[in-house]
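Peer 1:
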Amino acid sequence: MLLLAAVFAVLQLANVSGRDTPDSKNYLSYALSLGGADTREAAAVTIDHYCAGRAAIAHRAQNVDVVRFHAPDPAPRVFQECREQEWRAVEAGLADGRSAGHTVPFMPERFMRIFEVRPGYPVFLLPFVGLLGATWGLWAAGVVITCAGGALAFLVLRTLSVPVPLALTGQALFLVLPCGTTAMRPMTEGLLLALTLAALWGCALALRGRARAGTVLVCASLAALFTVKHSQALFLGLCLAGAGAVVAVRRRRRGQPAGRGVVALAAAGCAGTLGTVALARLLDYPSVSESVQDLLTDHFARPDRERPWAEFFQLQGNFWMEWLRRQLWEPLFLAALAAGALGARRRPAFGAFLVAAAGTGLLNQAGHPDIAIWGDRLITLAWLLPVLGVPLLLEPVARRLVVPAREMPLEPVH
């Protein structure tokens with residue numbers, strides 16, 4: 004397990020910079036603010052880091068441009084133009100008196116408020132950025148959280164008594180599938196994946212007879228998810244509660260007891276759901292309507308829509324039709340989901356919770372039906388289904404290969 008993580012970390016040295024998205028600026032500036040930097044200092048470090056990444060991407064792109072590969076290096080120009088553009092936006096925000104929050108005012112105030120209520124990821128970044136600086140700190144944080152996600156996949160499968168080689172397969176799948184790529188970006192998705200896997204580990208423990216430990220782990224994961232992205236805590240709590248109810252009803256119909264672990268997990272999911280809703284209202288977090296307006300107005304760059312929900316549901320239909328067309332064109336994702344679902348059936352109770360957790364990826368995507376959003380990162384949680392389901396699907400094959408080898412008579416020694 005440690006060897007796989009080490010190999011993955013070494014491979015990530017190929018891309019130390021250039022992984023940022025525009026939202027990465029908000030999380031980095033938040034972390035710098037928590038470390039004691041004032042708004043201008045946080046802005047300077049964040050802008051220089053972000054624009055250096057843009058410049059590095061431009062340099063690499065020109066090196067392989069068949070027409071312009073021998074032209075002058077565009078990196079200095081791209082860096083300067085990016086820096087001027089970002090500082091113009093920040094200066095305008097500071098001139099309006101927007102310096103009270105933890106994030107630098109890169110975007111309209113209503114949009115930045117969405118990030119102000121997500122302290123979990125900046126708190127995680129703080130020690131890395133404080134010790135290693137912006138570039139290496141973000142890289143190291145990405146490596147740690149991605150390797151942790153792979154290790155959690157291994158632990159979940161071992162808790163389910165999956166053989167070690169297949170548990171390592173699950174870890175490797177997490178690292179090489181879009182889970183690993185997305186988790187390495189300086190965004191919340193890496194923590195979302197790791198914490199969701201931690202919750203699934205809790206489910207596995209509860210279903211294997213350790214109800215108290217498993218339930219505590221699920222509750223702790225939901226609480227941590229609230230600080231990272233409270234909508235994910237809501238989705239996961241709701242889906243786990245639903246999975247627990249389905250498993251309990253199925254067992255009752257078969258004349259079997261629901262089981263202490265299943266009941267505890269369903270209760271934890273309900274508590275997480277209700278707690279998320281209540282706490283979000285108490286803290287006056289941005290509402291669902293505000294999120295819809297953010298989507299339809301291009302981050303509040305346009306006036307609010309008068310009929311946002313009608314437009315939102317129309318966009319939903321358009322989005323999923325286009326999404327399905329693209330998936331049928333390149334059906335790897337659908338094939339992986341199908342294989343994962345078949346594997347999940349080998350552990351029916353745990354499989355229900357696995358499908359539920361993976362379903363939060365679909366809910367995340369449905370909440371923001373944007374067809375061009377940085378490599379389908381919102382739906383990445385759905386990849387947890389093949390990460391854990393494929394090793395379960397391969398389990399009978401692995402056991403057939405191992406048992407005959409153990410029963411094979413030894414050849415006489417001459």
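In this text, residue positions in the sequence shown follow our numbering: the first is 4, and each later residue adds one.
We put the beta carbon where it would ideally sit given N, CA and C, even for glycine.
A quick note: this is a predicted structure, and the numbers were derived from the prediction, not measured.
1. Per the contact definition of three or more C-beta pairs closer than 8 Å, is the stretch 69-89 in contact with the stretch 52-61?
2. Just checking, does the stretch 292-312 make contact with the stretch 250-262 on the three C-beta pairs under 8 Å criterion?
3. Put residue 415 into one of helix, strand or coil per three-state DSSP.
4. Out of curiosity, what's the CA-to-CA distance linking residue 23 and residue 266?
5. Apart from the five residues just before and just after residue 251, which ones in its own chain have a Cβ nearer than 7 Å to its Cβ?
6. Below 8 Å on the Cβ atoms is my guess for residue 197 versus residue 208; work out the distance and round it to an integer in Å.
7. When burial is assigned at 16 or more other CB atoms within 10 Å of the CB, is residue 320 buried or exposed?
8. Do you know whose CA, among 218, 293, 7, lies nearest residue 263's CA?
9. Going straight from the alpha carbon of residue 326 to that of residue 334, what length do you get?
10. Look at the alpha carbon of residue 332 and the alpha carbon of residue 115, and state the distance between them as a whole number of angstroms.
11. Less than 8 Å between C-beta atoms, sequence neighbours within five positions excluded: which residues of the same chain meet that for residue 415?
12. Using 8 Å as the threshold, is the C-beta distance between residue 347 and residue 357 below it?
13. Excluding the five sequence neighbours on either side, which residues of its own chain have a C-beta within less than 6 Å of the C-beta of residue 225, listed in chain order?
14. Going by C-alpha to C-alpha distance, which of 329, 242, 89 sits closest to residue 362?
15. Quick check: the Cα distance between residue 34 and residue 48, rounded to an integer number of angstroms?
16. Apart from the five residues on each side of it in sequence, which residues of its chain come closer than 8 Å, Cβ to Cβ, to residue 306?
17. Tell me the DSSP secondary structure of residue 287 in three-state form.
18. Using the Cβ count rule (16 or more neighbours within 10 Å means buried), how would you classify residue 31?
19. For residue 408, name the three-state secondary structure that DSSP assigns.
20. Only counting the same chain, and skipping five residues up and downstream in sequence, which positions put a Cβ closer than 7 Å to that of residue 244?
21. At 4 residues or longer, what runs of the alpha helix (DSSP H) sit wholly inside the stretch 323-374?
22. Measuring only the C-alpha atoms, how far is residue 286 from residue 280?
23. Helix, strand or coil for residue 86 per DSSP?
24. Excluding the 5 residues flanking residue 14 on each side, which residues of the same chain have their C-beta closer than 7 Å to its C-beta?
25. Can you tell me where the alpha helix (DSSP H) holding residue 181 begins and where it ends?
26. Near residue 221, which residues of its chain fall below 6 Å by C-beta distance, leaving aside the five closest residues on each side in sequence?
27. Taking Cβ positions, are residue 105 and residue 89 nearer each other than 8 Å?
28. CA-CA distance, residue 141 and residue 173?
29. Got a sec? Which residues, its chain only, sit under 8 Å from residue 393 by beta carbon, not counting five neighbours each side?
30. What is the DSSP secondary structure of residue 303, reduced to helix, strand or coil?
31. So, helix, strand or coil for residue 74, using DSSP?
32. Below 6 Å CB to CB, which residues in the same chain sit around residue 180 once its five sequence neighbours on both sides are set aside?
33. Give the DSSP-derived three-state secondary structure of residue 28 in the structure shown.
34. With distances taken between CB atoms, is the gap from residue 136 to residue 38 smaller than 8 Å?
35. Would you mind stating whether residue 170 and residue 160 have Cβ atoms separated by less than 8 Å?
36. Looking at residue 231: is its Cβ nearer than 8 Å to the Cβ of residue 121?
Peer 2: Looking at the atomic coordinates:
1. Touching, yes.
2. Fewer than three Cβ pairs drawn from the stretch 292-312 and the stretch 250-262 lie within less than 8 Å of each other, which leaves the two stretches out of contact.
3. Below a pLDDT of 50, predicted positions are generally treated as unreliable, and residue 415, at 41, falls in that range; the measurement from the model is reported next regardless. Correct three-state label for residue 415: coil.
4. One alpha carbon belongs to residue 23, the other to residue 266, and they sit about 42 Å apart.
5. 261, 265, 266, 269
6. In fact, because the Cβ distance is near 17 Å, the residues do not count as touching under 8 Å.
7. exposed
8. 218
9. 11 Å
10. 36 Å
11. Residue confidence is low: residue 415 scores 41 on pLDDT, short of 50, so the model does not pin down where it sits. No coordinate-derived value is stated.
12. yes
13. Counting only Cβ-Cβ distances below 6 Å, and skipping sequence neighbours, we find 236, 240, 275.
14. The option with the nearest alpha carbon to residue 362 is 242.
15. Going from the Cα of residue 34 to the Cα of residue 48 covers about 11 Å.
16. 300
17. Here residue 287 sits in coil by DSSP.
18. Per the 10 Å Cβ criterion, buried.
19. Note that residue 408 scores 47 on pLDDT, short of 50, meaning its location in the model is unreliable; the coordinates nonetheless yield the value given after this. Reduced to three states, the DSSP call for residue 408 is helix.
20. 269, 272, 273, 276
21. 335-347, 351-370
22. 10 Å
23. Helix.
24. none
25. 181-186
26. 202, 205, 271
27. no
28. 25 Å
29. 172, 173, 176, 339, 342, 343, 346
30. coil
31. coil
32. Hits under 6 Å: 386.
33. helix
34. no
35. yes
36. yes
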